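Working notes, beginning with the structure itself.
Residue numbers (my numbering): 6 to 162.
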């Protein structure tokens with residue numbers, strides 16, 4: 006059984022980006038989106054107009070939080086061989102029930118890919134605005150980087 010990461014969130018977070026579960030490179034580095042071919046930090050660099058790619062990991066997180074953006078994953082624990090979402094088995098969801106109470110500024114939840122978006126309906130019933138984004142994973146090669154940027158721009162709109 007693999008374990009994910011705690012949320013990156015604070016009292017000013019208005020937008021939470023949810024992925025599915027950290028890939029093997031991220032688990033090894035103990036950092037969200039550590040696999041160098043994942044486009045997450047490149048996409049947010051364009052969206053926020055700040056080069057997050059060159060920053061050290063703690064700086065990346067600070068910059069996200071400074072923009073009111075938090076990070077987490079839908080699964081707290083799972084079984085998985087490799088890094089593909091399709092290989093996730095026995096996923097145990099994170100406890101999202103206390104978000105409204107603990108982070109009252111949180112208004113929007115963005116899902117990094119279709120696996121994460123499987124719980125979109127629950128967030129909508131809780132009153133959150135939701136947005137499904139094309140996955141930043143290199144496995145999602147059907148869309149160009151420019152096309153992904155257009156969708157990811159909606160995070161700040």
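C-beta: ideal position from N, C-alpha, C; glycine also.
Keep in mind the model is a prediction, meaning the values are calculated, not measured.
Same chain, Cβ closer than 7 angstroms to residue i, five either side skipped, listed in chain order
{"i": "residue 89", "result": "144"}
Own chain partners of residue i with C-beta closer than 8 angstroms, once the 5 adjacent residues on each side are dropped
{"i": "residue 133", "result": "111, 112, 113 and 114"}
{"i": "residue 52", "result": "154, 157, 158, 160 and 161"}
{"i": "residue 17", "result": "70, 73 and 110"}
Contact check, residue i vs residue j, beta carbons under 8 angstroms
{"i": "residue 100", "j": "residue 84", "result": "no"}
{"i": "residue 117", "j": "residue 140", "result": "yes"}
{"i": "residue 19", "j": "residue 73", "result": "yes"}
{"i": "residue 93", "j": "residue 23", "result": "no"}
{"i": "residue 129", "j": "residue 135", "result": "yes"}
Distance between residue j and residue i (C-alpha atoms, nearest Å)
{"i": "residue 97", "j": "residue 25", "result": "11 angstroms"}
{"i": "residue 146", "j": "residue 40", "result": "15 angstroms"}
{"i": "residue 45", "j": "residue 104", "result": "23 angstroms"}
{"i": "residue 77", "j": "residue 50", "result": "18 angstroms"}
{"i": "residue 64", "j": "residue 13", "result": "12 angstroms"}
{"i": "residue 91", "j": "residue 28", "result": "12 angstroms"}
{"i": "residue 8", "j": "residue 81", "result": "6 angstroms"}
Residues sharing a beta bridge with residue i, DSSP
{"i": "residue 24", "result": "78"}
{"i": "residue 8", "result": "82"}
Residue ranges of each beta strand (DSSP E) run of no fewer than 3 residues wholly in the segment 59 to 135, ordered along the chain?
-> 74 to 78, 80 to 84, 94 to 98 and 113 to 117
Which full runs of the beta strand (DSSP E) of 3+ residues lie inside the segment 13 to 57, going along the chain?
-> 20 to 24
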